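Student:
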């Protein structure tokens, strides 16, 4: 199978590249820039371009059997500042992409959605895929709209699509811009002896998934014939306070000093607790997360130490 | 209360004008063109302009206490032809409108959504507001996204909003362009002795609401302090075959001949049956539809006869 991987040079994309290659698949990456933390991977075909350029997009799709779409023009924390940009950059781009796929006969897509935002404030301790979709930030609203266009394309034009509603992926090659991913952001700050910031009282509970487990799920989704939405998390909730404690332990164990924690006011659009029920992905896709938090945090910290200079 | 009525010169808008005036409210209409079937209504302030013009929109909002938004750049039957236009014309326009409302302190809105499209294929004979939102056409997808932005504005910035998920409004002043509203469209064709077209086998079941009942619901919503989504239908299902039969009876009774019916292939995005549970609007808004189908059809036909030359 030849796969077009949109956003394949990003944090998650770089791991999906590895998993696709390991699964014996042929990989074409479409992204705006090359990977940040390693040179181009041998055997991978790279096409540098922009999804908003229709001609480039058509060209990139030629000869592929499936598409994995990981790109996003926004991140949850900042999409509210510019909802029009969020809609234009993500939703309209997706609608155009779906048209291009229909016209070129490409009928298989894995799309990365957001388990942390599409449901809004959960009504249950574990959130399954049938939970109402009541997003309260622009990022989640646009993800829901994209999921709905994918579903419409499935119903009307036979697109086989797997939507992965990912929780909080973490792991090696996470950047340090500080706009997404508490684990990467905090570890990068600690590696530079900068104080760590917590938004709110630390009680916010999230579900952290190692990025290689997410990448493996992409491969499982490509090999399957199902269509629909799948939660992609660890199934376990960890509070911000606890994750920071565990990061500090990992840091201290490596002989580094853990900097102080600074508490900042909570953000109105932060949902208090999201832990994903991953039963459907286990059942339908034969997938299970394999990398425990301890192992994952240690690996991530070691990678950051190896890159910090 | 002074109300800005966006789309107040359209079919539904013209009736909302009447109901607002009858309720003693002050009305400013914002629309692109004047009403089609009657001269400007005395006592109403008309502002002709376009919602995409931000300066005009800000100006139109000055001094009003509430906004009723009925305008749509698309109709269900054609939005799929141009989803990008649907998104730009409706969703982005709404996001900009919400920003303008926030900046001017206008915190009350009634918005016309679509009970026929936001739910997708219903899982229950009567659809209530908690039914999953799984739209399968662009019109419904964009309506859901707009509802979500309204909900977000409520949660983050205290907008008091009532979303009316209307079924199929019909009644006097319905146009005859043939893209929406089977009752108006069929009656106009019959009045001109043109054959009537049915998409599919006629088994599609819909919920028809007299437009004056819908207009009364807008007034009830403005007078209420609730926020949320409300179905706005009759609560009764009628098949296309039955509605066409009943229209033909009304036509024949008036001494006219009812033209033949032509069956055309069904449309993939037509949901087979949507009948709205209107218990929530009855309970929270003290509203109930008052005009029966027989009375409404007769009134509509008489109005069309009075206008057909």
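Protein chains in written order, with our numbering: chain A, 34 to 342; chain B, 34 to 342.
For each residue, glycine too, the CB sits at the ideal point set by N, CA and C.
Here the structure is a predicted model, which is why all the values come from computation and not from measurement.
#1: Would you mind sorting residue 186/B into buried or exposed? The rule is 16 or more other CB atoms within 10 Å of its CB.
#2: With DSSP collapsed to three states, give me the class of residue 142/B.
#3: Report the rounded CA-to-CA distance for residue 244/B versus residue 50/B, giving the unit in angstroms.
#4: Give the DSSP-derived three-state secondary structure of residue 230/B in the structure shown.
#5: Let me know the secondary structure DSSP gives residue 276/A once reduced to three states.
#6: Using a threshold of 8 Å, state whether the C-beta atoms of residue 67/B and residue 73/B are closer than that.
#7: Identify every residue that forms a DSSP beta bridge with residue 59/A.
#8: Can you pull the chain B neighbours of residue 259/A, defined as C-beta to C-beta under 7 Å?
#9: Would residue 181/B pass as an interface residue toward chain A - the criterion being a Cβ-Cβ separation below 8 Å?
#10: Could you tell me which of 146/B, 316/B, 132/B and 47/B sits nearest to residue 253/B, measuring between CA atoms?
#11: Report the CB separation of residue 107/B from residue 119/B in whole angstroms; it is logged as a contact under 8 Å.
#12: Listed in chain order, which residues of the region 159-172 of chain A have Cβ atoms closer than 8 Å to some Cβ of chain B?
#13: In angstroms with no decimal places, state the Cα-to-Cα distance between residue 207/A and residue 192/A.
#14: Expressed to the nearest angstrom, what Euclidean distance is found between the alpha-carbon atoms of residue 71/A and residue 222/A?
#15: Looking at the structure shown, is residue 193/B part of a helix, part of a strand, or coil, going by DSSP?
#16: Does residue 284/A come out as helix, strand or coil in the three-state DSSP assignment?
#17: From the DSSP output, which residues share a beta bridge with residue 64/B?
#18: Kindly indicate if chain B contains any beta-carbon less than 8 Å away from that of residue 192/A.
#19: Taking beta-carbon pairs under 9 Å, can you tell me which members of the region 97-116 of chain B lie near chain A?
#20: Looking at C-beta atoms only, is the number of pairs between the region 270-285 of chain A and the region 311-330 of chain A that lie closer than 8 Å three or more?
#21: Taking 8 Å as the cut-off, does the region 316-326 of chain B touch the region 228-240 of chain B (at least 3 CB pairs, one atom from each stretch)?
#22: Can you name the residues of chain A whose CB is closer than 7 Å to the CB of residue 134/B?
#23: DSSP on residue 271/B, reduced to helix/strand/coil?
#24: Residue 283/B CB to nearest chain A CB: under 8 Å?
#25: Could you give the DSSP three-state label for residue 242/A: helix, strand or coil?
#26: Are the CB atoms of residue 58/B and residue 102/B nearer to each other than 8 Å?
#27: Could you check the C-alpha separation between residue 105/A and residue 199/B for me, to the nearest Å?
#28: The region 124-148 of chain A: which residues have C-beta closer than 9 Å to a C-beta of chain B, in chain order?
#29: Taking its Cβ as the centre, do 16 or more other Cβ atoms sit within 10 Å of residue 226/A, making it buried, or is it exposed?
#30: What does residue 199/B pair with, by DSSP beta-bridge criteria?
#31: With a threshold of 8 Å between beta-carbons, can residue 174/A be considered close to chain B, or not?
#32: At 4 residues or longer, and completely inside the region 71-123 of chain A: list those alpha helix (DSSP H) runs for me, N to C.
#33: Is the separation between the beta-carbon of residue 196/B and that of residue 168/B shorter than 8 Å?
#34: So with Cβ pairs under 8 Å, would you call residue 62/A a contact of chain B?
Tutor: According to the structure data:
#1: Buried is the call here.
#2: If DSSP states are grouped into helix, strand and coil, residue 142/B belongs with the strands.
#3: Rounded to the nearest angstrom, the two C-alpha atoms are 12 Å apart.
#4: Three-state result, residue 230/B: strand.
#5: The answer is helix: DSSP assigns residue 276/A an H, G or I state.
#6: The answer is yes: Cβ separation under 8 Å.
#7: DSSP lists 35/A as partners of residue 59/A.
#8: The contacting residues do not exist; residue 259/A stays about 17 Å from chain B at best.
#9: At a cut-off of 8 Å between beta-carbon atoms, residue 181/B makes contact with chain A.
#10: Of the candidates 146/B, 316/B, 132/B and 47/B, the one whose C-alpha sits nearest the C-alpha of residue 253/B is 316/B.
#11: Contact holds; Cβ gap of about 5 Å.
#12: Taking a C-beta cut-off of 8 Å against chain B, the contacting residues of the region 159-172 of chain A are 163, 165, 166, 167, 168, 169, 170 and 171, listed in chain order.
#13: Going from the Cα of residue 207/A to the Cα of residue 192/A covers about 32 Å.
#14: Cα to Cα, residue 71/A sits roughly 21 Å from residue 222/A.
#15: Secondary structure at residue 193/B: strand, using DSSP grouped into helix, strand and coil.
#16: Looking at residue 284/A - three-state DSSP - the assignment turns out to be helix.
#17: Beta-bridge annotation (DSSP): residue 64/B is paired with 81/B.
#18: Not one chain B Cβ lies under 8 Å of residue 192/A.
#19: So the list reads 113 and 116, given in the order they occur along the chain.
#20: The region 270-285 of chain A vs the region 311-330 of chain A: in contact.
#21: No, because fewer than three Cβ pairs between the region 228-240 of chain B and the region 316-326 of chain B fall closer than 8 Å, the two stretches do not touch.
#22: Neighbours of residue 134/B across chain A, judged by C-beta separation under 7 Å, do not exist; the nearest C-beta is about 14 Å away.
#23: Residue 271/B falls in the strand class under three-state DSSP.
#24: Interface flag for residue 283/B against chain A is unset, since no Cβ pair is found closer than 8 Å.
#25: Strand.
#26: Contact flag unset, no.
#27: If you take the alpha carbons of residue 105/A and residue 199/B, they lie about 34 Å apart.
#28: Going along the region 124-148 of chain A in chain order, one finds 124, 125, 128, 129, 131 and 132 with a Cβ nearer than 9 Å to chain B.
#29: When all chains shown are included, residue 226/A counts as exposed.
#30: BP columns for residue 199/B point to 147/B and 265/B.
#31: For residue 174/A, a Cβ of chain B is located within less than 8 Å of the residue's own Cβ.
#32: You should have 87-94, 109-112 and 116-119.
#33: Contact flag unset, no.
#34: It does not: the Cβ of residue 62/A has no partner Cβ on chain B nearer than 8 Å.
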